[in-house]
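Undergrad:
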Ligand SMILES: [Zn+2]
């Protein structure tokens, strides 16, 4: 799933390529992906892209004051196309293409654009056309952005204080902190040498400071790695930069211990016992339930 660093890189990528271009049309192929009806998606035609922003994991194209807001969900992606002038119209219901944004031809005669695709059968990719991005409920509900300078140690201390939630779940909650998902919460907790099951409210001041540093450094490093790469390469880059996420069975880069996994019904977390849990493997609840 694209998380803050990938969406940030996509936003920067689109800023360079799309700002100043005129929208020819937005073709929504997967009808269920379009979550708004007023203004209609056709209202974007003829408008110029004036800015690109990221809100949590949402991508926001400002087109003369109308906003095309996109959430890529678990299996969505954005592909830039240098020339869509020859692209065939796509019929709904077939394949991964969810929507296509076409721009007017530039001085070079090419009509570029981008496609939003979603793999798999669970279709969660969401597209919104709004006058204000905060009209998107998921954007309005976002917690503070960890890359914003206002996200300080004090901000994080206020977030964890009194919380009875496990720290892994708290970091993934978009209403608490914006942009962190399953992958980067694993990475942040590994960098902070902290158990994913630790109850947030029990963190000491020193641990909150360590966690804050891990959040900011992990995300900034990931953004740096992804910066400048063409959109199509970002997914590979994300995989290569991860230290524990999706690396169960492999040695930890830091200590050499074997990275372990805890499985849940629809996801899994990975961690290093030596770095994060005092050398003790965490109980895999699904396994222990089966063993009872
Ligand atoms: Zn380790």
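In our numbering, the protein residues as written are 8 to 299.
Glycine included, C-beta positions come from ideal geometry on N, C-alpha and C.
Note that the structure is predicted; figures quoted are calculated from it, not measured.
(1) So, is residue 179 buried or exposed, given that buried needs 16 or more other C-beta atoms within 10 angstroms?
(2) Quick one: is the Cβ of residue 261 within less than 7 Å of any heavy atom of ligand 1?
(3) With DSSP run on the structure shown, which of helix, strand or coil describes residue 274?
(4) Inspect the beta-carbon positions of residue 147 and residue 80 and report whether they are closer than 8 Å.
(5) In its own chain, which residues sit with a C-beta less than 6 Å from the C-beta of residue 60, not counting the 5 before and 5 after it?
(6) For residue 153 and residue 184, which I take to be in contact (beta-carbon distance under 8 Å), what is that distance rounded to the nearest angstrom?
(7) What are the boundary residues of the alpha helix (DSSP H) that includes residue 282?
(8) Once you ignore the five residues that flank residue 103 on each side, which residues in its own chain have a CB closer than 6 Å to its CB?
(9) Assuming contact is defined by CB atoms lying nearer than 8 Å, are residue 276 and residue 217 in contact in what I supplied?
(10) Using 8 Å as the threshold, is the region 201 to 220 in touch with the region 279 to 293, meaning 3 or more CB pairs across them?
(11) May I have the straight-line CA-CA distance separating residue 82 from residue 175, to the nearest angstrom?
(12) Is residue 162 closer than 8 Å to residue 191 when the C-beta atoms are compared?
(13) Quick one: is the Cβ of residue 225 within less than 7 Å of any heavy atom of ligand 1?
(14) Evaluate residue 298 with the Cβ neighbour count: other Cβ atoms within 10 Å of its Cβ, from every protein chain shown; 16 or more gives buried, anything less gives exposed.
TA: So, from the listed chains and residues:
(1) buried
(2) yes
(3) coil
(4) no
(5) 67
(6) 6 Å
(7) 280 to 283
(8) 124, 125 and 126
(9) no
(10) yes
(11) 21 Å
(12) no
(13) no
(14) In this predicted model, residue 298 has a pLDDT of only 48, less than 50, meaning its place in the structure is not dependable enough to derive any value.
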